[in-house]
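*Asks:* Sharing a structure below in C-alpha cells format, with a few things to ask.
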Amino acid sequence: MKSIALADALKLGAVGCTGLFAGNAMYINLVDIPSKINLDIKFLLASWKDAFHRAKKIQGSLVVLGAACGYGAYYFEVPSNKCKMYLIASTAFLSLWPYTILFMFPDIEKLCENDCLEKREESWIRDKIRAWNTKHMFRTVVSIASFGAFTFALWVHG
C-alpha cells in the first residue's frame, strides 16, 4: 500500500516541478528578456546576470527533482498500471541539463565575464542575450511538453 501512495506523491511532484519550470521558462522568454533587451547596456547585462544566477539555482533543482519524481513514479507504480509516459517525460525533462551545458553555457560564460562590458561591443552583448533567449525557448518548449505528458499520464492512469 505504501508504494502506491509513494507513486502518487511522485506523480504529483513530477507535474508540479515541470509546471513550475515551464511557467518560469515561459516568463523569461516572453516577458523578462523582451522587456529588458533595449535598456541601457550596463543595466541590461547586470540585470541578465543577476536573473540568470538566481534562476539557475531554482530551475536546475526543478529539473533534477522533477525528473527524479517522474522516474520514481514509474518505478514505484503497481505493475498493472505502469505508464511509459513517465519515463519519456522524465528523460525529455532531464535532457535540459546537457542541452544547457552544451549549447548555452559557451555564451553564458562569456556574458558572465567580469570585464564583458569592456571587452565586448554593445551590439555583441545584445545579440548574445537575444541568441541566449532563442536557445532558452527550447527549454521552454521541452518543459511544457514534459508538463503536458506528466499531466496526461496522471489524468489517464491516475
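With the numbering used here applied, the sequence shown covers 393 to 550. Glycine included, every Cβ here is placed at the ideal spot set by N, Cα and C.
By a C-beta neighbour count over all protein chains shown, 10 Å radius and 16 as the cutoff for buried, is C409 buried or exposed?
*Replies:* When all chains shown are included, C409 counts as buried.
*Asks:* Comparing C-alpha positions only, which one of C475, K520, H528 sits nearest to A541?
*Replies:* With distances taken between Cα atoms, A541 lies closest to C475.
*Asks:* State the Cα-Cα distance for the pair A465 and N421, rounded to the nearest angstrom.
*Replies:* In a straight line, the C-alpha of A465 is about 30 Å away from that of N421.
*Asks:* Roughly how many angstroms lie between the CA atoms of C508 and L479, to the nearest whole one?
*Replies:* Rounded to whole angstroms, C508 to L479 spans 41 Å at the Cα level.
*Asks:* T532 to L488, Cα distance in whole Å?
*Replies:* Those two C-alpha atoms are separated by around 10 Å.
*Asks:* List in chain order: all unbroken alpha helix (DSSP H) runs of 4+ residues lying wholly within the stretch 426-470.
*Replies:* Those alpha helix (DSSP H) runs which fall completely within the stretch 426-470 and span 4+ residues are 433-468.
*Asks:* Does the Cβ of V548 have 16 or more other Cβ atoms within 10 Å, making it buried, or fewer, making it exposed?
*Replies:* Exposed, by the Cβ-count rule.
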